[in-house]
Ligand code: ADE
């Protein structure tokens, strides 16, 4: 789990560095995940009113996590209007919270519980709880529509709190589970409340102006007590106070204001209470100065300081001067001269008939803060970050310099760690490659040109644990198999009549009398119709501890071990060598004759071989153009004999998956050699190599090709090849297999432009530039990846569709150019952020010269921001055939 955080953290740093400068009080920027998904919030700080079981405890309520049974679920069904259940987060200090995210329980397709609505309560001290309501006074927030999508909601007004509770709300009795995240930043002002006279109403000739504090969360009778509100919501009012940033708001909404006539002393007194004693440097008051309407900034302020229980005798007095020339609203900065205080009482003197404030902020000495610098994270954004209406606290240079120094320090440390890791990894790779070379030279010299490997010899070396660190790691890891009900569609996973209940076991290993049978089961799979919480009682079993569990099926990512990433599929439990579930036959390896090496991965090699008598192993459909007595050309993917146990298991899993993929446009597994080492997969041979190289050596039909005498491919054949890829993907998606690395480099070309999809992973040097390496470990084909795969680690059929769009683009460019070739990897990631923000700043791949509008439209539809709006492979296939 930790390495996934590392990678995400690094990505965030990257995006952060590319992004805007942050300020803790700018709501447009203060949108960092506060640590539910990132793990910074500790388990003990997440609590709940109740829990369904240990495996759905509060600590599993982390957004985008699949641990436990996949979410927090309360003990009983949630009834309408009973606000008893809640998931509570203690942030340990005051935070400015601008956004919340919720998600239901998906648990790899087994869960289907979510909160359609919820309310939020918050507290700054843990005892007084306040119900959040939006600017229109509505408390209920619309939540999730399904168990997997994350729904983000802006909090308008934002919350300043230490404790936050999510309270599921339902309109009928139902089971609810939640995963949540809070977004914001630490509230460095430390202000806990301000008490002030209630704001008033100004009668203008045409309309009244409401300058009360409508977001105040304390008590309001004649005065406002023990709350925070519009003066701390981060939104500064406009020059013309009758206008507002808030859509549809009443005139004067952004300001809190008072009339001179209501105050005999000529001043408004505001008392500010803080979380602790602080060393104050400045106070900034955002004031309106529309003097044509008799509104001016204050002419003087007198501030008293209280540390412990005593008020200091001598006040601080500051007179900013009255401006009758410039009607702009502005911050007036009051130097608080390093007074130590836990409360400040300021008397603001009128300079005219009205005094209107929209923000008051405090800067205090950071040396007293008992906080560490939070890691930079990407703020989710639904509004422009450079929105001028949000105040940017730009004068506190000390804090900024401190932060910058800390960031530089962290970055230097990270760079050192990355370099160190890379050097170490290279050493390991070199060492293991040397071992492989020695092994193979010895083995091949003994075997001459055949694959008659000595079983005894290699089996001993296969027991050795290899230090190879090949792995493809994705930012968040978990796969969303959307839609979840398709998981069980794989024919072998459907309930078979001769083995009833084969796939209905849950996660209570070894307890069931069926455990013998279960060890051969590939998939922990419960049909979606029985996986809802409403049917918990029928789909759960009793675990060792007697606690009922939600049915579950872990999703694992299979990593091809010979350099090929395989498809993401539901969790497998398998015993391949038992032979019980092998649907592919063992081929006598002595009948393989080596012809040439086709490729090499970190865990093995791919050879072109002649296979004697392979006809008997092939289905009839393959045989029509192969003479019966001639050897068949095959590709043999071979695991190096010193591969470690994980690599061996993954190789066997890859066999298992490939053996079940039977489609004319997916590379077919013909036979295996697994009774002895080295393990081999024998697949069809495609004589024209991969599509990328194939198209690179060809030209479009036309004058240019005639002149250069280059081989050509017609436009129709390009479409034919694209349609075959779509067809192969249609098949994979019908099984809910997610490829994750669709690209021309992973498609093979046979005779007559036939195409079959394969997956060679990222191990071929030729294509190393197509993969982005993070932290020396994660390798991502970012130029083919959807925004949600890069930013959320979410891989679905819809993200395969995105990659298909890029693949189509490659095809129409004859693979002469890498996607986004003019952008660096970092700029590609930055562009991904733009796809996420969707403010028309994202750069799309351009329409290839050869590409008609209709095809470019297909590409653009594959790159739609909303995954649900992207076409299915079925639709793409149909469109390409047209
Ligand atoms: N693996 C690598 N090259 C291949 C080819 N041409 N056909 C099948 N599998 C392969």
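Residue numbers (our numbering): 1 to 882. Cβ coordinates follow ideal geometry from the N, Cα and C atoms, glycine included. As the structure is a computational prediction, the values presented were derived from the model and not from experiment.
Exercise. For ligand 1, any of its heavy atoms closer than 6 Å to the Cβ of residue 749?
Worked result: Residue 749 has its CB no nearer than 6 Å to any heavy atom of ligand 1.
- prompt: How many whole angstroms separate the CB atoms of residue 258 and residue 197, which I take to be in contact at a CB cut-off of 8 Å?
  reply: 6 Å
inquiry  = Among the candidates 224, 214 and 242, whose CA atom is the shortest distance from the CA of residue 230?
reply    = 214
Check: What number of angstroms, rounded off, separates the C-alpha of residue 84 from the C-alpha of residue 128?
Finding: 17 Å
- So, do the region 868-880 and the region 809-827 have three or more beta carbon pairs nearer to each other than 8 Å? Result no; under three Cβ-Cβ pairs closer than 8 Å.
Can you tell me the Cα-Cα spacing of residue 768 and residue 247, whole angstroms?
50 Å
Please name the residue or residues paired with residue 601 in a DSSP beta bridge. 604
Smallest Cα separation from residue 324: which of 77, 333 and 352?
352
I believe residue 288 touches residue 237 by the beta-carbon criterion, under 8 Å. Please report the beta-carbon distance rounded to the nearest angstrom. 6 Å
(Q) Short of 7 Å in beta carbon distance, which residues of its chain neighbour residue 224, apart from the five on each side in sequence? Order them along the chain. (A) Here residue 224 has 195, 196, 198, 213, 216 and 218 as same chain residues with Cβ atoms under 7 Å from its own Cβ, once five neighbours each way along the sequence are excluded.
message: Taking the alpha carbon of residue 877 as the reference point, which residue from 864, 683 and 805 has its own alpha carbon closest?
response: 805
| message | Based on DSSP bridge pairs, tell me the residues matched to residue 95. | response | 161 and 186
| Is the closest heavy atom of ligand 1 to the C-beta of residue 766 under 6 Å? | No; taking the cut-off as 6 Å, the Cβ of residue 766 has no heavy atom of ligand 1 nearer than that.
TODO: Can you grab the Cα-Cα spacing for the pair residue 34 / residue 181, in whole Å?
DONE: 7 Å
task: Return the bridge partner residues of residue 331 from the DSSP annotation.
output: 286
| task | Name the residue from 314, 329, 277 and 283 whose alpha carbon lies nearest to the alpha carbon of residue 292. | result | 329
- request: Just the C-alpha distance for residue 260 and residue 200, rounded to the nearest angstrom, thanks.
  value: Distance between the alpha carbons of residue 260 and residue 200 is about 11 Å.
Query raised in the report: Just reading off the beta strand (DSSP E) that residue 306 is part of, what are its end residues?
Result: 300-307
| message | Could you tell me the alpha carbon to alpha carbon distance between residue 596 and residue 687, rounded to whole angstroms? | response | 13 Å
* Asked: Roughly how far, in whole angstroms, is the beta-carbon of residue 58 from the beta-carbon of residue 68, given that I think they are within contact range, below 8 Å?
  -> Wrong, their Cβ atoms sit about 10 Å apart, outside the cutoff.
request  = Mark residue 765 as exposed unless 16 or more other C-beta atoms lie within 10 angstroms of its C-beta, in which case mark it buried.
outcome  = exposed
With a CB to CB cut of under 6 Å and the five nearest residues on each side skipped, what residues in its chain are close to residue 604? 562, 638, 639 and 640
Can you check whether the CB of residue 681 is closer than 7 Å to the CB of residue 691?
-> no
query: Can you check whether the CB of residue 280 is closer than 7 Å to the CB of residue 336?
result: yes
Worksheet entry | For residue 880, the first and last residue of its enclosing alpha helix (DSSP H) | 873-881
Start and end of the alpha helix (DSSP H) containing residue 719? 715-734
Open item on the list: Measuring straight from C-alpha to C-alpha, what distance separates residue 584 and residue 659?
Closed with: Each residue's alpha carbon lies about 6 Å from the other.
Item checked: Per-residue burial, residue 576 [other beta carbons within 10 Å of its own, 16 or more giving buried] -> With a pLDDT of 40 at residue 576, under the threshold of 50, the modelled position of that residue is not reliable, and the figure given next carries that caveat. Classification of residue 576: buried, given that the 10 Å Cβ count is 16 or more.
Self-check item: Within 7 Å, strictly: CB atoms of residue 636 and residue 655
Solution: no
### Query
Who does residue 773 pair with in a DSSP beta bridge?
779
Original post:
Between which two residues does the alpha helix (DSSP H) harbouring residue 645 extend?
Top reply: 645-660
Self-check item: Nearest residue (CA-CA) to residue 644, options 613, 115 and 677
Solution: 677
Less than 6 Å separating the Cβ of residue 686 from some heavy atom of ligand 1? yes
CA nearest to the CA of residue 735, picked from 657, 120 and 158
657
Nearest-angstrom Cα distance between residue 875 and residue 722?
13 Å
### Message
Could you check whether residue 738 and residue 795 sit closer than 7 Å to each other, using their CB atoms as the reference points?
### Response
yes
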